[in-house]
Amino acid sequence: MDTNNPVRICVPLCERSLEALELSAAKVTSEGDGVEFRLDCLVQSELDHIDKLLQLAARTDSLTIFTFRPSDEGGKRELNYDARDEFWRRLQEAQGAYLTDLELDLVEGLITSNSTSSSPIDWARVIGSKHDFSGPPGDLEQIYERLARTPVRIIKIAVQAHDVTDCIPLFRLLKRAREEGREAIAIAMGPAGIATRILGPSRGAFLTYGALDKESSTAPGQITAKELKDVYRIGRITSKTEIFGLAGFPVTHSISPHIHNAAFARMGFDGVYIPLEVRDLASFIERMVHPHTREMDWNLRGLSVTAPHKTAVMDHLDWIEPAARDIGAVNTVVIEGGILRGYNTDAPAFIKTLVKKFGDLRDARCAIIGAGGAASAVALALNQNRSRVTVYARDVKKAARLAKRFDAEPASLDSASFEGFDVVINATPLGTSGKHEMETPARTGQLRGARLAYDLVYNPTETQFLREARDAGCEIFGGLSMLVAQATEQFRLWTGLEAPEKVMQWAAVEALKNL
Ligand code: NAP
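Per the numbering used here, the very first residue in the sequence shown carries number 59; after that it's consecutive.
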């Protein structure tokens, strides 16, 4: 599957004026390898001065693509066939090394009319494309074949992905194009399609698209050209590169790709870690993950598993470490020797960071707030360290169920007091950036008299819970160190190497700043 394909990143630009378009184009030289000018974004009066843009394109050495898309193919304006036909004929007359991206209906129409036309189409400068914003159509292969029957140089198919498994037919098309010696671009749009954007060039795609910046992304799920280069190091990915992924829903705001890819870079390890938006877990494991059943020809070696799949994934694994079984959640999958092995790295990460901060935990009085998956990992770890644990939950029955499994006491969170506790741990999502950011599971009055408050929430780094605890006179500790520690353990499980912890911590801090 190796290709000698150069990795091209094309930055699409959508501006209302030619001046703004030129300004944006000037920024691209440092970010990407090419520019796609979305001419349908220009206001009508600007289209009359399009010659200026053509002159600009003629001056540049880098890849330049022009598009003029109708709204049903993702464009910014209603354009009937005749308007597009007339526009492209005008553009074809201009000289330049640029490519034009023409929709399939237009390509087929131009072929029929070309024989009588005074200005023949230069098909070596044409990308023939089909976009579908509803999802992968059932006749994707037939669309490819229709495009392949035309004289266009490059075949492009872009379809909306609703689940990561929607990437499979796009990778299949790339493989077919490669076998048939065709140049092709196959993109799954939306957060679930990110894998096609990152891995496409290593599977032979003529190019991938990356946004100039987060604000100017022109298609759903488009990541920035800078991230493709700096975080995913797309230029180094080959078919041999080991692939790791974060499986969950949602996953696009995770900082784990920053942490793991920074570690691969530091260690010179040929790996890449990508977000995989998984809604249907069973289908994902069968079609993309398990070596015995997967349809994907890729070197997938491991997964981080996050909400909502940490418990459900256990039904799909060949082996699970005893601690993860006790916790009832797997956050790490290792794919090796044709089988899937499951681990939980939250528990060792929690205890490692807490011991470093607090010291010996034997007989320490610890309060866990919450009774979900993270609370189970924390309870197991504290129980193994002989701490005295009380589990507080808004539903005391859930607290009781968890407490029973780990030799702890259950309690209601309603008007709880944490006075006299050595450690109080927030294992709920309260305080997480977004709509729960100003919430806390305990107030200053309740935390007075406790020694250390540990929040598993890491974004923001200082939560409302930690502010309340500081006001109560407690020492405070945020969840970022645990996030990094569980990632270092994953890195070790996947690669057998000691993880570069400092680099990973730095990458996490930087990524949080830029969220
Ligand atoms: P989970 O399984 O969904 O459990 C969440 C727990 O929080 C449940 O017990 C839930 O109670 C409780 N809860 C939710 N809203 C509440 C509210 N308004 N008042 C009181 N309790 C509430 O989630 P999880 O996987 O355990 O994760 C919990 C948090 O830990 C998340 O923010 C996660 O990001 C964080 N975490 C951090 C790390 C790290 O490395 N730093 C690792 C793992 C997890 P009900 O059952 O009654 O809804």
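Think of the CB as a built atom: it goes at the ideal place given N, C-alpha and C, for glycine as much as any other residue.
These figures come from a predicted structure and were not determined experimentally.
### Message
On the DSSP letters alone, give me the boundaries of the beta strand (DSSP E) that Ser-314 sits inside.
### Response
Counting along the chain, no beta strand (DSSP E) covers Ser-314; the unbroken alpha helix (DSSP H) around it starts and ends at 314-325.
### Task
Label Val-86 either buried or exposed according to how many other C-beta atoms from any shown protein chain fall within 10 Å of its C-beta, with 16 as the threshold for buried.
Val-86 is buried by the Cβ-count criterion.
### Query
Given that a residue counts as buried once 16 or more other Cβ atoms are within 10 Å of its Cβ, and exposed if not, what is Leu-282?
The sequence as given places Thr at residue 282; Leu does not occur at that position. So Thr-282 counts as buried.
### CA nearest to the CA of Asp-140, picked from Pro-194, Ser-171, Asp-224, Thr-502
For the options Pro-194, Ser-171, Asp-224, Thr-502, the alpha carbon positioned closest to that of Asp-140 is the one of Ser-171.
### Query
Relative to the ligand NAP, is the shortest distance from any of its heavy atoms to the C-beta of Met-540 smaller than 8 Å?
Indeed, a heavy atom of the ligand NAP lies less than 8 Å from the Cβ.
### Query
Can you tell me where the alpha helix (DSSP H) with Ala-381 in it begins and where it stops?
First-last of the alpha helix (DSSP H) with Ala-381: 380-385.
### Query
Leaving out five residues before and five after Gln-563 in sequence, what residues of the same chain have Cβ atoms less than 7 Å from its Cβ?
Within the same chain, Cβ atoms closer than 7 Å to the Cβ of Gln-563 are found at Val-542, the five residues on either side in sequence being excluded.
### Task
Tell me whether Lys-560 is buried or exposed, calling it buried when 16 or more other Cβ atoms sit within 10 Å of its Cβ.
Per the 10 Å Cβ criterion, exposed.
### Query
Which of the three DSSP states, helix, strand or coil, is assigned to Trp-356?
Three-state DSSP puts Trp-356 in coil, outside helix and strand.
### For Asn-484, the three-state DSSP class (helix, strand or coil)
The answer is strand: DSSP assigns Asn-484 an E or B state.
#### Entry: Reduced DSSP secondary structure (H/G/I, E/B, other) of Met-496
Residue state for Met-496 is assigned as coil, using DSSP reduced to three classes.
### Query
Leaving out five residues before and five after Thr-61 in sequence, what residues of the same chain have Cβ atoms less than 7 Å from its Cβ?
Note that Thr-61 scores 48 on pLDDT, short of 50, meaning its location in the model is unreliable; the coordinates nonetheless yield the value given after this. If we look at Thr-61 and ignore the five residues flanking it on each side, its Cβ neighbours are Arg-236, Gly-262.
### Query
What's the call for Lys-214, buried or exposed, on a 16-neighbour Cβ count within 10 Å?
By the 10 Å Cβ count, Lys-214 comes out buried.
### Query
In or out: Trp-377 buried (at least 16 other Cβ within 10 Å) or exposed?
Around the C-beta of Trp-377, fewer than 16 other C-beta atoms lie within 10 Å, and the residue is accordingly described as exposed.
### Query
Hey, how far is the Cα of Ala-633 from the Cα of Phe-535?
Only positions 59 to 573 of the chain appear in the structure, and residue 633 is not among them; the question remains open.
### Query
Would you call Pro-366 buried or exposed, if buried means 16 or more other Cβ atoms sit within 10 Å of its Cβ?
Under a 10 Å Cβ-count criterion, Pro-366 is classified as exposed, with fewer than 16 other Cβ atoms of the shown protein chains found around its own Cβ.
### Message
Quick check on this structure: which residue in Ser-312, Ala-340, Phe-464 has the alpha carbon closest to the alpha carbon of Ser-491?
### Response
The shortest C-alpha separation from Ser-491 is found at Ser-312.
### The alpha helix (DSSP H) enclosing Thr-553, as first and last residue numbers
538-553 is the extent of the alpha helix (DSSP H) around Thr-553.
### Message
Can you confirm whether the stretch 473-481 touches the stretch 413-425 when touching is taken to mean that 3 or more C-beta pairs between the two stretches lie within less than 8 Å?
### Response
Yes, the stretch 413-425 touches the stretch 473-481.
### Task
Could you check the C-alpha separation between Arg-359 and Ile-343 for me, to the nearest Å?
For the pair Arg-359 and Ile-343, the Cα-to-Cα distance works out to about 13 Å.
### Message
Give me the residue from Lys-272, Gln-200, Gly-196 with the minimum Cα distance to Asp-224.
### Response
It is Gly-196 whose Cα lies nearest to the Cα of Asp-224.
### Query
Skipping 5 residues on each side, what residues in its chain have a beta carbon closer than 8 Å to that of Thr-158?
So the list reads Ile-123, Phe-124, Thr-125, Trp-146, Leu-149, Gln-150, Arg-183, Val-184, Ile-185, once near-sequence residues are dropped.
### Query
Cβ-heavy atom distance between Leu-488 and the ligand NAP below 8 Å?
Yes, the Cβ of Leu-488 comes within 8 Å of a heavy atom of the ligand NAP.
### Query
With respect to the beta strand (DSSP E) encompassing Met-372, which residues constitute its N-terminal and C-terminal limits?
Element bounds for Met-372: n/a, residue is neither H nor E.
### Query
With respect to 8 Å, is the separation between the Cβ of Val-222 and the closest non-hydrogen atom of the ligand NAP below this value?
Flag unset: Cβ of Val-222 not near the ligand NAP.
### Message
By the three-class DSSP mapping on this structure, what secondary structure does Met-59 have?
### Response
The predicted position of Met-59 is uncertain, since its pLDDT is 42 and thus under 50; no value can be drawn from it.
### Message
Leu-334 and His-374 - do their beta-carbons sit closer together than 9 Å?
### Response
With respect to Leu-334, His-374 sits apart: the two C-beta atoms are not nearer than 9 Å.
### Task
Give the secondary structure of Ala-269 by DSSP, where H, G and I count as helix, E and B as strand, and everything else as coil.
Ala-269 carries a strand assignment under DSSP once its states are collapsed to helix, strand and coil.
### At least three beta-carbon pairs within less than 8 Å, the stretch 71-80 to the stretch 94-104
Result yes; three or more Cβ-Cβ pairs closer than 8 Å.
### Query
Can Leu-47 and Ile-201 be called in contact, C-beta distance under 9 Å?
Absent from the model: residue 47. The displayed extent of the chain is 59 to 573, so no value can be given.
### Proximity to Ile-245 [Cα-Cα], best of Ala-433, Ile-226, Gly-239
Looking at the Cα atoms, Ile-226 is the closest of the given residues.
### Query
Rounded C-beta distance between Ala-305 and Leu-257? I'm assuming under 8 Å.
Your pair Ala-305 and Leu-257 does not check out as a contact, with CB atoms roughly 15 Å apart and the cut at 8 Å.
### Message
Tell me whether Pro-499, by its Cβ, gets closer than 8 Å to a heavy atom of the ligand NAP.
### Response
In terms of side-chain proximity, the C-beta atom of Pro-499 is found nearer than 8 Å to a non-hydrogen atom of the ligand NAP.
### For Ser-103, the three-state DSSP class (helix, strand or coil)
Here DSSP, grouped into helix, strand and coil, assigns Ser-103 to helix.
### Task
List the whole-angstrom C-beta distance separating Ala-557 from Ala-321, where the pair is believed to meet the contact cut-off of C-beta under 8 Å.
About 6 Å; that satisfies the 8 Å criterion.
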